[in-house]
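The structure appears below as C-alpha cells.
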Amino acid sequence: MGMLGADPSAVLLQIINTQAEIAQVSFGSPRVNPPLRSRLEGSGSELQFVNEALKCRRDLNLPAWVLCLLSATEAPDGILTAASFHQGIQQTRFWVNAKALTAGEIADLARRGGSDSVFSICSQVELKNGSVRHIPMMDFLCRKSSRALDLIVRVVPRFGVGPGVILETDRSYHFYGFQLISQLELAHFLGKALLFAPIVDQAWIAHQLIDMCCALRAGPRLAGGGAPKVVAFAGSSKMPA
9 MGMLGADPSA VLLQIINTQA EIAQVSFGSP RVNPPLRSRL EGSGSELQFV NEALKCRRDL
69 NLPAWVLCLL SATEAPDGIL TAASFHQGIQ QTRFWVNAKA LTAGEIADLA RRGGSDSVFS
129 ICSQVELKNG SVRHIPMMDF LCRKSSRALD LIVRVVPRFG VGPGVILETD RSYHFYGFQL
189 ISQLELAHFL GKALLFAPIV DQAWIAHQLI DMCCALRAGP RLAGGGAPKV VAFAGSSKMP
249 A
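Going by the numbering used here, the first residue of the sequence shown is number 9, and it counts up by one from there.
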C-alpha cells in the first residue's frame, strides 16, 4: 500500500524496478492543446454553435466536442474541421535509459519542456532484446467522487490488462497498468476501454490510436496545479514483486 499518494514518476520507476527486461522508456512534451474556440476560424455561427453546446456541459459533464457532435446535423463545417485537430506525442518523443532513470532526472526532463508544453510519460518501452512493449494507460472523464472512483476500480479489470493503479487528476482519474502488453494487445485494450465511454475519455483514446502509443501527463496540467496522485489500486492491493 506504499504507493498511495505517489505521483506518475514514482509509478513509472516502480514499473521499471519490477520489469527487469525494460531497457529504455519514452517521454514527450507536446504543446498544450489550444482551447476549442481558438481552433475555429472565427465565424460567428460556429462560435454561437459552440456556446450553445457549452451551456449543457455543466449538467452533462461531457466534453464540448461530444456536445457539438451530438448535434452534427446542424454543425458548421468549421466545427468538424476543428474536431479533427490532432497534436500527437510522436513529434516530441524521446528515449531514456531505464537503468539510469531517477526521480530527479525525470523532474529535470519536465523542467526542460517549457510552460507551453505538457511533459508526459509514453506507454512505449523498449526491452533488452530490442522488442517494444507498452505500459497500459487510460484517461477517464467522470468527475471525481468516491462513487466514481469505486466505478473505475470495478471497470479497470474489464480492460483485460491486469492490475494497476488509479491516479486522481485535477478533474478526473488516470490508470497505469503493471503488466506490459504488445502493440496488438494495446489496440485490443483501447478498443475494450471504448466500450465504457463516456466513463473513459473517448477522444483521448482516438488520439492514442492515431499515435499507436499512449501518453499521460506526469506533472501539473496548469502552472501552479498539482501532479496526479495514486488514490487506489485496481485488480490488486499492491505492486507486483
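Where is the CB? At the ideal position from N, CA and C, for every residue including glycine.
Between GLU113 and VAL104, is the Cβ-Cβ spacing less than 9 Å?
The answer is yes: Cβ separation under 9 Å.
Nearest-angstrom Cα distance between MET220 and LEU192?
One C-alpha to the other measures close to 10 Å.
Check whether the segment 200-218 touches the segment 227-241, taking contact to mean three or more Cβ pairs, one atom from each stretch, closer than 8 Å.
With a cut-off of 8 Å, the segment 227-241 and the segment 200-218 do not count as touching, because too few Cβ pairs lie within range.
DSSP state of CYS147 mapped onto helix, strand, coil:
Going by the sequence as given, residue 147 is Asp instead of Cys. Look at ASP147 here: in three-state DSSP terms it is strand.
Go ahead and pull the three-state DSSP assignment for GLN99.
Helix at GLN99.
Using a Cβ-Cβ cut-off of 7 Å (strictly less than) and excluding sequence neighbours within five positions of GLU6, which residues of its own chain qualify?
Residue numbering for the chain in the displayed model covers 9 to 249; residue 6 lies beyond these limits and cannot be assessed.
Proximity to LYS200 [Cα-Cα], best of ARG119, PRO144, THR177 and GLY234:
Closest option to LYS200, judged by alpha-carbon separation, among ARG119, PRO144, THR177 and GLY234: PRO144.
Suppose you measure from the CA of ASP124 to the CA of PHE148; what does that come to, to the nearest Å?
Distance between the alpha carbons of ASP124 and PHE148: 23 Å.
Cutoff 7 Å; reference SER190; Cβ partners in own chain excluding five residues on either side:
Cβ within range, chain order: ARG141.
Who pairs with SER128 in a beta bridge, going by DSSP?
Within the DSSP secondary-structure output, SER128 pairs in a beta bridge with GLY36 and ARG225.
Ordered along the chain, which non-local residues of its own chain (more than five positions away) have a Cβ less than 8 Å from that of MET11?
Same-chain partners within the cutoff: ALA18, VAL19, GLN22, VAL173, VAL238, PHE241, LYS246 and MET247.
Candidates GLY168, VAL169, PHE167 and LEU175: which alpha carbon is nearest LEU157's?
It is LEU175.
Using three-state DSSP, classify ALA195 as helix, strand or coil.
The answer is helix: DSSP assigns ALA195 an H, G or I state.
Could you tell me the alpha carbon to alpha carbon distance between ILE213 and LEU202, rounded to whole angstroms?
Approximately 7 Å between the Cα atoms of the pair.
Out of THR177, PHE183 and ARG179, state which residue places its alpha-carbon closest to the alpha-carbon of ARG162.
Comparing Cα positions, the closest option is PHE183.
Taking all protein chains shown into account, decide if SER154 is buried (16 or more other Cβ within 10 angstroms of its Cβ) or exposed.
Residue burial is scored here from C-beta neighbours: SER154 has fewer than 16 other C-beta atoms within 10 angstroms and is therefore classed as exposed.
Whose C-beta lies closer than 7 Å to the C-beta of GLY121 among residues of the same chain, with five residues either side of it excluded?
Result list for GLY121: SER37 and PHE127, in chain order.
Three-state class that DSSP yields for VAL163 in the structure shown
Under the three-state reduction of DSSP, VAL163 is assigned to helix.
Hey, ARG119 and SER34: beta-carbon distance below 9 Å or not?
When the beta-carbon positions are compared, ARG119 and SER34 stay at least 9 Å from each other.
State the start and end residues of the unbroken beta strand (DSSP E) segment that holds VAL238.
Note, VAL238: beta strand (DSSP E), 237-242.
Secondary structure at ALA31, three-state DSSP: helix, strand or coil?
When DSSP states are grouped into helix, strand and coil, ALA31 belongs to the strand group.
Going by beta-carbon coordinates alone, are SER131 and GLN216 separated by less than 9 Å?
Their beta carbons are under 9 Å apart, which means SER131 touches GLN216 by this criterion.
So the candidates are GLY185, ARG179 and ALA205; which of them puts its Cα closest to the Cα of GLY233?
Out of GLY185, ARG179 and ALA205, ARG179 has the C-alpha closest to the C-alpha of GLY233.
Same chain, Cβ closer than 7 Å to VAL169, five either side skipped, listed in chain order:
The residues are PRO144, GLY185, GLN187, ILE189 and PHE197.
Kindly indicate which three-state DSSP category GLY168 falls into: helix, strand or coil?
In the structure shown, the three-state DSSP call for GLY168 is coil.
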